[in-house]
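Written out below as C-alpha coordinates is the structure these notes cover.
Numbering (the numbering used here), first residue to last: 1 to 328.
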(Lines of atoms letter the chains of each structure in order from A and count residues from 1; the text may use other names and numbers.)
(Lines give C-alpha, C1' and ligand atoms only; values in the text may rest on other atoms or scores of the structure.)
Protein backbone atom coordinates (compact mmCIF):
# COMPACT_ATOMS: atom_id res chain seq x y z
CA UNK A 1 0.00 0.00 0.00
CA UNK A 2 1.18 3.46 -0.89
CA UNK A 3 -0.03 4.92 2.40
CA UNK A 4 0.95 8.48 1.52
CA UNK A 5 -1.08 8.37 -1.69
CA UNK A 6 -4.09 6.89 0.08
CA UNK A 7 -3.92 9.52 2.82
CA UNK A 8 -3.59 12.30 0.26
CA UNK A 9 -6.79 11.14 -1.42
CA UNK A 10 -8.67 10.65 1.84
CA UNK A 11 -8.23 14.27 2.87
CA UNK A 12 -9.56 15.78 -0.36
CA UNK A 13 -13.29 16.52 -0.01
CA UNK A 14 -15.79 15.55 -2.69
CA UNK A 15 -19.37 14.44 -2.22
CA UNK A 16 -21.57 13.08 -5.01
CA UNK A 17 -21.92 15.68 -7.72
CA UNK A 18 -19.01 17.75 -6.35
CA UNK A 19 -16.05 15.57 -7.25
CA UNK A 20 -14.03 18.33 -8.93
CA UNK A 21 -11.37 18.60 -6.20
CA UNK A 22 -10.76 14.87 -5.81
CA UNK A 23 -10.73 14.43 -9.59
CA UNK A 24 -8.02 17.10 -9.91
CA UNK A 25 -5.98 15.38 -7.21
CA UNK A 26 -6.21 12.03 -9.02
CA UNK A 27 -5.20 13.68 -12.30
CA UNK A 28 -2.21 15.18 -10.47
CA UNK A 29 -1.23 11.67 -9.29
CA UNK A 30 -1.58 9.99 -12.70
CA UNK A 31 1.67 8.73 -14.24
CA UNK A 32 3.40 11.60 -16.01
CA UNK A 33 2.35 12.13 -19.61
CA UNK A 34 -0.42 9.55 -19.69
CA UNK A 35 -3.43 10.58 -21.81
CA UNK A 36 -6.75 10.92 -20.01
CA UNK A 37 -10.11 12.51 -20.59
CA UNK A 38 -13.01 13.70 -18.49
CA UNK A 39 -16.52 13.14 -19.82
CA UNK A 40 -19.43 15.55 -19.50
CA UNK A 41 -20.51 14.07 -16.14
CA UNK A 42 -17.03 14.29 -14.65
CA UNK A 43 -15.87 10.67 -14.92
CA UNK A 44 -12.09 10.43 -15.29
CA UNK A 45 -11.09 7.91 -17.96
CA UNK A 46 -7.74 6.37 -18.94
CA UNK A 47 -7.29 3.76 -21.69
CA UNK A 48 -4.06 1.83 -22.30
CA UNK A 49 -2.93 -1.19 -24.31
CA UNK A 50 -3.82 -2.72 -27.66
CA UNK A 51 -5.87 -5.76 -28.65
CA UNK A 52 -9.38 -7.08 -29.14
CA UNK A 53 -10.14 -7.72 -25.49
CA UNK A 54 -11.07 -4.88 -23.17
CA UNK A 55 -10.97 -5.28 -19.40
CA UNK A 56 -12.67 -2.54 -17.40
CA UNK A 57 -11.83 -1.38 -13.88
CA UNK A 58 -13.52 1.37 -11.89
CA UNK A 59 -13.54 3.06 -8.48
CA UNK A 60 -15.86 5.84 -7.42
CA UNK A 61 -14.50 9.23 -6.36
CA UNK A 62 -17.49 10.50 -4.40
CA UNK A 63 -17.85 10.27 -0.64
CA UNK A 64 -20.76 10.67 1.72
CA UNK A 65 -21.51 14.19 2.86
CA UNK A 66 -23.97 16.95 3.61
CA UNK A 67 -25.43 19.38 1.06
CA UNK A 68 -26.18 22.85 2.42
CA UNK A 69 -29.85 23.57 1.75
CA UNK A 70 -30.46 26.80 3.63
CA UNK A 71 -29.28 29.38 6.16
CA UNK A 72 -31.30 30.04 9.32
CA UNK A 73 -31.79 33.49 10.91
CA UNK A 74 -29.34 32.54 13.69
CA UNK A 75 -26.59 31.72 11.16
CA UNK A 76 -26.80 27.95 11.40
CA UNK A 77 -26.94 25.84 8.24
CA UNK A 78 -29.60 23.36 7.22
CA UNK A 79 -28.45 20.37 5.23
CA UNK A 80 -29.48 17.24 3.37
CA UNK A 81 -27.61 13.95 3.67
CA UNK A 82 -25.98 12.81 0.43
CA UNK A 83 -25.57 9.04 0.45
CA UNK A 84 -26.36 6.51 3.13
CA UNK A 85 -25.38 8.34 6.32
CA UNK A 86 -26.92 6.85 9.48
CA UNK A 87 -28.82 9.47 11.47
CA UNK A 88 -27.00 8.57 14.68
CA UNK A 89 -23.67 9.67 13.17
CA UNK A 90 -24.73 13.30 12.93
CA UNK A 91 -24.89 14.75 16.48
CA UNK A 92 -21.69 15.98 18.09
CA UNK A 93 -19.54 15.81 14.97
CA UNK A 94 -16.89 18.14 13.56
CA UNK A 95 -17.34 18.91 9.87
CA UNK A 96 -15.47 20.80 7.15
CA UNK A 97 -17.79 23.08 5.20
CA UNK A 98 -16.47 23.56 1.66
CA UNK A 99 -17.52 27.03 0.57
CA UNK A 100 -18.13 28.45 -2.90
CA UNK A 101 -14.40 29.27 -3.26
CA UNK A 102 -13.32 25.73 -2.40
CA UNK A 103 -12.12 26.82 1.04
CA UNK A 104 -12.63 24.67 4.13
CA UNK A 105 -14.56 26.30 6.99
CA UNK A 106 -14.66 24.70 10.45
CA UNK A 107 -18.12 23.61 11.57
CA UNK A 108 -19.85 21.38 14.07
CA UNK A 109 -23.19 19.60 14.38
CA UNK A 110 -24.60 20.26 17.84
CA UNK A 111 -25.62 17.74 20.46
CA UNK A 112 -28.30 17.92 23.16
CA UNK A 113 -26.49 17.12 26.43
CA UNK A 114 -28.04 14.51 28.75
CA UNK A 115 -28.51 17.23 31.41
CA UNK A 116 -31.15 18.81 29.17
CA UNK A 117 -32.45 16.01 27.00
CA UNK A 118 -34.60 14.05 29.50
CA UNK A 119 -37.74 16.03 28.81
CA UNK A 120 -36.71 17.36 25.41
CA UNK A 121 -38.09 16.22 22.09
CA UNK A 122 -34.67 16.72 20.60
CA UNK A 123 -33.48 19.25 18.06
CA UNK A 124 -33.19 19.18 14.30
CA UNK A 125 -29.47 18.83 13.50
CA UNK A 126 -27.87 21.90 11.92
CA UNK A 127 -24.30 22.92 11.14
CA UNK A 128 -22.85 25.68 13.29
CA UNK A 129 -19.92 27.61 11.77
CA UNK A 130 -19.85 30.27 14.49
CA UNK A 131 -21.94 32.74 12.53
CA UNK A 132 -24.85 34.55 14.17
CA UNK A 133 -26.66 35.73 11.04
CA UNK A 134 -27.08 34.94 7.34
CA UNK A 135 -24.84 37.94 6.62
CA UNK A 136 -21.97 36.40 8.59
CA UNK A 137 -22.47 33.13 6.72
CA UNK A 138 -22.22 35.03 3.44
CA UNK A 139 -19.01 36.72 4.62
CA UNK A 140 -17.53 33.23 5.09
CA UNK A 141 -18.28 32.50 1.43
CA UNK A 142 -20.82 29.82 2.27
CA UNK A 143 -23.79 29.50 -0.07
CA UNK A 144 -26.72 27.17 -0.53
CA UNK A 145 -25.59 24.09 -2.54
CA UNK A 146 -22.13 24.22 -0.96
CA UNK A 147 -21.37 21.07 1.06
CA UNK A 148 -19.76 19.63 4.16
CA UNK A 149 -17.85 16.46 4.96
CA UNK A 150 -17.07 14.88 8.30
CA UNK A 151 -13.69 15.90 9.74
CA UNK A 152 -11.20 13.16 8.93
CA UNK A 153 -8.59 11.40 11.00
CA UNK A 154 -6.53 8.37 10.00
CA UNK A 155 -5.65 5.73 12.58
CA UNK A 156 -3.21 2.84 12.12
CA UNK A 157 -4.29 -0.06 14.30
CA UNK A 158 -1.68 -2.61 15.37
CA UNK A 159 0.34 -1.88 12.18
CA UNK A 160 -2.20 -4.01 10.31
CA UNK A 161 -5.34 -1.97 9.76
CA UNK A 162 -6.27 1.51 8.58
CA UNK A 163 -9.34 3.28 9.97
CA UNK A 164 -10.68 6.52 8.48
CA UNK A 165 -13.70 8.24 6.93
CA UNK A 166 -13.99 7.85 3.12
CA UNK A 167 -12.01 4.63 2.68
CA UNK A 168 -15.15 3.86 0.66
CA UNK A 169 -14.00 4.34 -2.03
CA UNK A 170 -10.82 6.33 -1.83
CA UNK A 171 -8.97 3.06 -1.23
CA UNK A 172 -10.27 1.98 -4.66
CA UNK A 173 -9.12 5.26 -6.23
CA UNK A 174 -5.63 4.80 -4.77
CA UNK A 175 -5.52 1.14 -5.76
CA UNK A 176 -6.39 1.96 -9.38
CA UNK A 177 -3.56 4.49 -9.49
CA UNK A 178 -1.07 1.90 -8.22
CA UNK A 179 -2.43 -0.73 -10.59
CA UNK A 180 -2.18 1.66 -13.55
CA UNK A 181 1.51 2.25 -12.82
CA UNK A 182 2.15 -1.50 -12.79
CA UNK A 183 0.08 -2.08 -15.95
CA UNK A 184 2.13 0.48 -17.87
CA UNK A 185 5.21 -1.71 -17.33
CA UNK A 186 3.46 -4.84 -18.63
CA UNK A 187 3.56 -6.21 -22.19
CA UNK A 188 -0.19 -5.91 -22.75
CA UNK A 189 -2.02 -7.87 -25.44
CA UNK A 190 -5.35 -6.30 -24.52
CA UNK A 191 -6.86 -2.93 -23.74
CA UNK A 192 -7.43 -1.79 -20.19
CA UNK A 193 -10.03 0.77 -19.21
CA UNK A 194 -9.54 2.67 -15.94
CA UNK A 195 -12.41 4.84 -14.72
CA UNK A 196 -12.75 6.98 -11.62
CA UNK A 197 -16.51 7.51 -11.50
CA UNK A 198 -18.84 10.17 -10.11
CA UNK A 199 -22.08 9.94 -8.16
CA UNK A 200 -21.90 6.27 -7.17
CA UNK A 201 -23.38 6.91 -3.75
CA UNK A 202 -26.59 8.39 -5.19
CA UNK A 203 -27.41 5.79 -7.84
CA UNK A 204 -24.34 4.69 -9.86
CA UNK A 205 -24.86 7.69 -12.13
CA UNK A 206 -21.33 7.95 -13.51
CA UNK A 207 -21.07 4.22 -14.18
CA UNK A 208 -24.31 4.31 -16.14
CA UNK A 209 -22.77 6.85 -18.50
CA UNK A 210 -19.62 4.73 -18.89
CA UNK A 211 -21.66 1.56 -19.55
CA UNK A 212 -23.42 3.41 -22.38
CA UNK A 213 -20.04 4.14 -24.02
CA UNK A 214 -18.01 0.96 -23.50
CA UNK A 215 -18.63 -2.77 -23.74
CA UNK A 216 -15.69 -4.49 -22.05
CA UNK A 217 -15.06 -8.23 -22.15
CA UNK A 218 -15.30 -8.19 -18.36
CA UNK A 219 -15.76 -5.46 -15.80
CA UNK A 220 -14.32 -5.25 -12.28
CA UNK A 221 -15.51 -2.46 -9.98
CA UNK A 222 -13.15 -1.89 -7.04
CA UNK A 223 -15.31 -1.13 -4.03
CA UNK A 224 -16.07 -1.96 -0.41
CA UNK A 225 -17.59 -5.13 1.03
CA UNK A 226 -19.59 -4.20 4.12
CA UNK A 227 -18.90 -6.64 6.93
CA UNK A 228 -19.23 -8.08 9.54
CA UNK A 229 -22.65 -9.56 10.29
CA UNK A 230 -24.74 -12.70 10.08
CA UNK A 231 -25.34 -11.91 6.39
CA UNK A 232 -21.62 -11.72 5.57
CA UNK A 233 -20.62 -14.71 7.68
CA UNK A 234 -16.91 -15.31 8.29
CA UNK A 235 -15.65 -12.58 5.97
CA UNK A 236 -13.46 -10.09 7.79
CA UNK A 237 -10.51 -7.73 7.22
CA UNK A 238 -7.20 -9.56 7.18
CA UNK A 239 -8.38 -12.74 5.45
CA UNK A 240 -7.80 -11.49 1.90
CA UNK A 241 -9.69 -9.48 -0.72
CA UNK A 242 -13.34 -10.35 -1.35
CA UNK A 243 -15.30 -11.35 -4.42
CA UNK A 244 -18.62 -9.58 -3.87
CA UNK A 245 -20.74 -12.27 -5.49
CA UNK A 246 -24.13 -10.93 -4.38
CA UNK A 247 -25.50 -7.73 -2.91
CA UNK A 248 -28.82 -5.91 -2.75
CA UNK A 249 -28.87 -5.09 -6.46
CA UNK A 250 -26.81 -7.64 -8.38
CA UNK A 251 -25.51 -11.17 -8.75
CA UNK A 252 -21.96 -11.35 -10.05
CA UNK A 253 -20.91 -13.72 -12.86
CA UNK A 254 -20.59 -17.20 -11.36
CA UNK A 255 -18.15 -18.55 -13.95
CA UNK A 256 -16.00 -15.43 -13.84
CA UNK A 257 -15.94 -15.68 -10.05
CA UNK A 258 -14.83 -19.32 -10.24
CA UNK A 259 -12.02 -18.34 -12.61
CA UNK A 260 -10.88 -15.69 -10.16
CA UNK A 261 -10.91 -18.15 -7.27
CA UNK A 262 -8.85 -20.60 -9.32
CA UNK A 263 -6.36 -17.91 -10.32
CA UNK A 264 -5.98 -16.72 -6.74
CA UNK A 265 -5.39 -20.25 -5.51
CA UNK A 266 -2.76 -20.83 -8.21
CA UNK A 267 -0.95 -17.61 -7.30
CA UNK A 268 -1.35 -18.16 -3.53
CA UNK A 269 -3.38 -15.00 -3.08
CA UNK A 270 -5.86 -15.34 -0.20
CA UNK A 271 -9.37 -14.60 -1.45
CA UNK A 272 -12.77 -14.50 0.24
CA UNK A 273 -16.15 -14.51 -1.43
CA UNK A 274 -19.64 -13.87 -0.22
CA UNK A 275 -22.79 -11.81 0.11
CA UNK A 276 -23.42 -8.31 1.44
CA UNK A 277 -25.81 -5.39 0.94
CA UNK A 278 -25.69 -2.28 -1.24
CA UNK A 279 -24.59 -2.07 -4.87
CA UNK A 280 -21.56 -1.22 -7.04
CA UNK A 281 -20.63 0.46 -10.31
CA UNK A 282 -20.75 -2.99 -11.92
CA UNK A 283 -24.55 -3.01 -12.01
CA UNK A 284 -24.99 -0.84 -15.14
CA UNK A 285 -22.56 -3.11 -17.00
CA UNK A 286 -24.35 -6.23 -15.84
CA UNK A 287 -27.60 -4.80 -17.22
CA UNK A 288 -25.85 -4.26 -20.56
CA UNK A 289 -24.92 -7.95 -20.72
CA UNK A 290 -21.30 -7.60 -19.54
CA UNK A 291 -19.87 -10.16 -17.12
CA UNK A 292 -18.74 -8.48 -13.93
CA UNK A 293 -17.42 -9.32 -10.49
CA UNK A 294 -16.83 -6.60 -7.88
CA UNK A 295 -13.35 -6.91 -6.39
CA UNK A 296 -13.60 -5.71 -2.82
CA UNK A 297 -11.97 -5.29 0.53
CA UNK A 298 -13.84 -6.27 3.66
CA UNK A 299 -14.57 -3.04 5.52
CA UNK A 300 -15.89 -2.86 9.05
CA UNK A 301 -17.98 0.12 10.14
CA UNK A 302 -18.85 1.04 6.54
CA UNK A 303 -20.39 4.52 6.03
CA UNK A 304 -19.06 5.72 9.36
CA UNK A 305 -16.13 7.89 10.42
CA UNK A 306 -14.08 4.78 11.28
CA UNK A 307 -14.22 2.60 8.19
CA UNK A 308 -11.64 -0.12 8.74
CA UNK A 309 -9.60 -2.22 6.28
CA UNK A 310 -6.54 -4.44 6.20
CA UNK A 311 -3.26 -3.25 4.65
CA UNK A 312 -2.41 -6.82 3.62
CA UNK A 313 -5.79 -7.26 1.93
CA UNK A 314 -5.10 -4.10 -0.08
CA UNK A 315 -1.72 -5.42 -1.24
CA UNK A 316 -3.19 -8.81 -2.13
CA UNK A 317 -5.92 -7.15 -4.20
CA UNK A 318 -3.30 -5.17 -6.11
CA UNK A 319 -1.46 -8.43 -6.86
CA UNK A 320 -4.71 -10.05 -7.99
CA UNK A 321 -5.39 -7.19 -10.42
CA UNK A 322 -1.97 -7.70 -11.98
CA UNK A 323 -2.56 -11.45 -12.37
CA UNK A 324 -6.01 -10.85 -13.90
CA UNK A 325 -4.44 -8.60 -16.49
CA UNK A 326 -1.91 -11.28 -17.43
CA UNK A 327 -4.31 -14.16 -18.03
CA UNK A 328 -7.87 -12.88 -18.68
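Note that CB positions come from ideal geometry on N, CA and C, so glycine has one too.
Per DSSP, residue i is paired with what?
| i | result |
| --- | --- |
| residue 308 | 163, 300 |
| residue 107 | 95 |
| residue 155 | 163 |
| residue 295 | 222, 243 |
| residue 15 | 63 |
By alpha-carbon positions, which one of the options ends up nearest to residue i?
| i | options | result |
| --- | --- | --- |
| residue 304 | 27, 93, 68 | 93 |
| residue 38 | 206, 306, 296 | 206 |
| residue 85 | 326, 302, 309 | 302 |
| residue 43 | 61, 54, 254 | 61 |
| residue 70 | 128, 24, 49 | 128 |
| residue 10 | 17, 64, 51, 54 | 64 |
| residue 326 | 187, 126, 133 | 187 |
| residue 111 | 46, 123, 105 | 123 |
| residue 45 | 33, 51, 53, 27 | 27 |
| residue 58 | 88, 146, 193, 17 | 193 |
| residue 21 | 103, 91, 242 | 103 |
| residue 360 | 283, 40, 47 | This structure gives no information on residue 360, because the portion of the chain shown stretches from 1 to 328. |
| residue 136 | 105, 244, 82 | 105 |
| residue 80 | 147, 17, 323 | 147 |
| residue 99 | 227, 270, 143 | 143 |
| residue 238 | 288, 272, 19 | 272 |
| residue 97 | 108, 29, 323, 295 | 108 |
| residue 292 | 210, 256, 68, 67 | 256 |
| residue 40 | 87, 210, 214, 312 | 210 |
| residue 220 | 199, 234, 253, 227 | 253 |
| residue 224 | 24, 168, 274, 261 | 168 |
| residue 324 | 82, 265, 233, 274 | 265 |
| residue 226 | 283, 218, 87, 243 | 243 |
| residue 269 | 316, 234, 312 | 316 |
| residue 73 | 24, 131, 318, 88 | 131 |
| residue 181 | 8, 17, 208, 29 | 29 |
| residue 285 | 18, 208, 88 | 208 |
| residue 297 | 262, 235, 260, 259 | 235 |
| residue 217 | 24, 299, 52 | 52 |
| residue 34 | 95, 177, 159 | 177 |
| residue 83 | 18, 139, 91, 77 | 18 |
| residue 214 | 222, 195, 300 | 195 |
| residue 274 | 24, 160, 229, 90 | 229 |
Pop quiz: residue i and residue j are said to be a contact at Cβ under 8 Å. What is the actual Cβ separation, rounded to whole angstroms?
| i | j | result |
| --- | --- | --- |
| residue 5 | residue 174 | 5 Å |
| residue 231 | residue 276 | 7 Å |
| residue 321 | residue 179 | 5 Å |
| residue 134 | residue 75 | 7 Å |
| residue 49 | residue 190 | 6 Å |
| residue 309 | residue 202 | Incorrect: roughly 23 Å between the Cβ atoms, too far for contact. |
| residue 141 | residue 184 | Residue 141 to residue 184, Cβ: 40 Å. No contact. |
| residue 241 | residue 295 | 6 Å |
| residue 145 | residue 204 | With a Cβ gap of about 22 Å, residue 145 and residue 204 do not count as contacting. |
| residue 171 | residue 314 | 7 Å |
| residue 164 | residue 312 | Actually they are not in contact, since the Cβ atoms of residue 164 and residue 312 sit about 17 Å apart, beyond 8 Å. |
Taking 6 Å as the line, does the beta carbon of residue i fall inside it for any heavy atom of the ligand NAD?
| i | result |
| --- | --- |
| residue 10 | Within the structure as shown, the ligand NAD is missing, as the structure has no ligands at all. |
Worksheet item: Which ranges does the beta strand (DSSP E) cover as unbroken runs of at least 3 residues, wholly within the segment 120 to 149, from first to last along the chain?
Response: none
Item to complete: Note down, one range per segment and in chain order, each beta strand (DSSP E) of at least 3 residues found wholly within the segment 18 to 81.
Response: 44 to 49, 54 to 60, 65 to 71
Fill in: alpha helix (DSSP H) runs wholly inside the segment 190 to 277, at least 4 long, in chain order
205 to 213, 254 to 266
Worksheet item: Are three or more beta carbon pairs between the segment 279 to 294 and the segment 239 to 258 nearer than 8 Å?
Response: yes
Worksheet item: Three or more C-beta pairs closer than 8 Å, one from the segment 8 to 27 and one from the segment 136 to 156: is that the case here?
Response: yes
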